[in-house]
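Protein chains in written order, with the UniProt record's numbering: chain U, 1 to 281; chain Y, 1 to 312.
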């Protein structure tokens, strides 16, 4: 009896111990039976777009960059008279703030996200799955467009509340311009984010953002910039996008061929370079 | 007949890869049968990761040829990738993505994925489901990476240092999982610098160093050596004077300190030899810990081939 008891408690002790040290799950035979295959590409694209957009919106610094700063500038520049902007101020300011929002998402946001995604190995990780490359790229592009659409709704709504009167026909014309701007800035964002170290990307992307905000025709209209900077800014993507959006939304006219051409050139050149320089990790 | 059906999981000949002036991998031949587990064993910088990344299609070799499941991993990567599972060294995920989101994202690429919730649970990541990737511990990131490699039910997996940074508990779990993979017919190409990982799990082992294959075979083949020449190992305090022992030992026996505190006696090891060694220990007031007689371990083989320890 005593022996029985002691052996029982010995078992218990072993059980106890194994519970803490070797409580490994059992994998019944067939658990990992191979059944490889690729999911439906359109479903993959939807999942990928949703994930990328969600990650951007959830990121506090991205939200600051893409929404909060443009919102503060829109309200500030529309309500305070700094003597730099035609009346009604909100009509002049809104297209340039929309261009800023596009630059924030397409260029700075994309560059920083890509820089850190590479650092954390996600591009390599996803390249090693069944996800086709085109879905990986298209997912990022669509996510950026989703974010720009949300920014446009929020900023446009705020501008309307501040008394913005956009030209009706111009609103429809502005949509393809916003898409073009997102793609052009996205290409330069990939160029910066795809080749440099994450910390360098952070520095470059923020510096360029700030420089273009001040001197690229966003905070101040290109024609109010001093001297040579004024004509230079017209050939920057920021100045060209602001001008094109201003033409559509404020004046209700088609954007000038020059503005569109400047955007296209930046997009093609930075895109072609990015294809050569972008690395997975 | 399906041309893939009888071909190997991985077949590579003469793989060579240079980075600038450094040769990372030099004329490596590699053969992995379907459903077999092959371990590339070597220290850091031996060329293991480069070899695996060539097989995964991330790197194009400067010379040599590689076929994975009968496909060229670079040029036919789009067809190959749905069939393989990859665990890159150090993992990989969006910094801000939550554990479960990441696994579901990868699972969404697969036709018939394993249940992500179950996989997280068996890998002990249930409690970390909503934690962003960048805040996971190294071991947790490794386990998530393993989950991502397995979720698509691949027929071949590449595991680059799968247990690096894991505690003993997690390592046991992953070893059990790898055994289950092999039992279910999944081919495994594994890199490791852990002897016991290679010795207990792999069907075949390739020892690599400085980008070259130094030895290959089953763990038994590699460790058997000459049956006449057994070995006696023990641990004691370092820097013992071995001269008296060498004098006492029979002709043809050698004794040396292979690493500080790790002693090896080679030659004709019989009960008399063992008695001589223990008597010498007793004389010196030394406790011979882990006294072991037998075949060489994989670590001994490695040490002999490279002149250095794996974790040195």
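Even for Gly, the Cβ is constructed at its ideal location relative to N, Cα and C.
The beta carbon of residue 195/Y lies closer than 8 Å to those of 41, 297, 298, 299, 302 and 310 in the same chain, with the five residues before and after it left out.
In the three-state reduction of the DSSP assignment, residue 29/U falls in the coil class, being assigned neither a helical nor a strand state.
Nearest in C-alpha terms to residue 60/Y, of all of 69/Y, 71/Y, 47/Y and 75/Y, is 75/Y.
For the pair residue 305/Y and residue 233/Y, the Cα-to-Cα distance works out to about 18 Å. Cβ neighbours of residue 190/Y within its own chain (closer than 6 Å, five residues either side excluded): 39 and 159.
Taking a beta-carbon distance threshold of 7 Å, residue 154/Y counts as an interface residue toward chain U. Contact between residue 198/Y and residue 205/Y is confirmed by a C-beta separation of about 5 Å, below the 8 Å threshold. For residue 262/Y, the three-state secondary structure derived from DSSP is strand. Within the same chain, Cβ atoms closer than 8 Å to the Cβ of residue 41/U are found at 132 and 135, the five residues on either side in sequence being excluded.
With respect to the 7 Å criterion, residue 256/Y and residue 249/Y are not classified as neighbours on the basis of their beta carbons. Inclusion of residue 35/U and residue 112/Y in the CB contact set at 7 Å is warranted, their separation being smaller than that value.
The beta carbon of residue 126/Y sits closer than 7 Å to those of 120, all from its chain and outside the five residues before and after it, given in chain order. For residue 163/U, the closest of 248/U, 108/U, 74/U and 148/U by C-alpha to C-alpha distance is 74/U.
Using beta-carbon distances, residue 132/Y does not count as an interface residue toward chain U, since no partner is under 7 Å. Contact of residue 277/U with chain Y is not assigned, every C-beta pair being separated by 7 Å or more. Check the Cα spacing between residue 66/U and each of 273/U, 244/U, 148/U and 211/U: the tightest is with 148/U. Within chain Y, 109 have C-beta atoms less than 7 Å from the C-beta of residue 131/U, given in sequence order. Taking a 10 Å sphere around the C-beta of residue 270/Y, we find fewer than 16 other C-beta atoms and assign the residue as exposed. Residue 36/Y has a beta carbon lying at 7 Å or more from every beta carbon in chain U. By the CB criterion at 7 Å, residue 249/U and residue 170/U fall inside the cutoff. The C-beta distance from residue 48/Y to residue 120/U rounds to 22 Å, too long to fall under 8 Å, and the pair is not in contact. The beta-bridge partner set that DSSP reports for residue 132/Y consists of 98/Y. Straight-line measurement puts the Cα of residue 53/U at about 13 Å from the Cα of residue 101/Y. Secondary structure of residue 302/Y (DSSP, three-state): helix. The beta carbon of residue 182/U sits closer than 6 Å to those of 102, 106, 144, 145 and 148, all from its chain and outside the five residues before and after it, given in chain order. The stretch 197-241 of chain Y contains, as complete alpha helix (DSSP H) runs of 4+ residues, the segments 219-224 (chain order).
DSSP lists no beta-bridge partner residue for residue 91/Y.
Sequence-distant partners of residue 273/Y (beyond 5 residues in either direction) whose C-beta falls short of 8 Å from its own C-beta, in its chain, are 232, 249, 250, 253, 265 and 267. Contact holds between the stretch 139-159 of chain Y and the stretch 179-193 of chain Y, because three or more Cβ pairs, one in each stretch, are under 8 Å apart. Shown here, residue 74/Y sits in coil according to DSSP, grouped into three states, outside any helix or strand.
Look at the beta carbons and you see the stretch 75-93 of chain U not touching the stretch 199-215 of chain U: under three pairs across the two are nearer than 8 Å. For the stretch 42-53 of chain U, the set of positions with a beta-carbon nearer than 8 Å to some beta-carbon of chain Y reads 43, 44, 47, 48 and 51 in chain order. For the options 240/Y, 262/Y and 291/Y, the alpha carbon positioned closest to that of residue 283/Y is the one of 240/Y. Taking CB atoms only, residue 189/Y has no neighbour in chain U less than 7 Å away.
Taking residue 147/Y as reference, the option from 153/U, 137/U and 129/U with the minimal CA-CA separation is 129/U. The beta carbon of residue 32/U sits closer than 7 Å to some beta carbon of chain Y.
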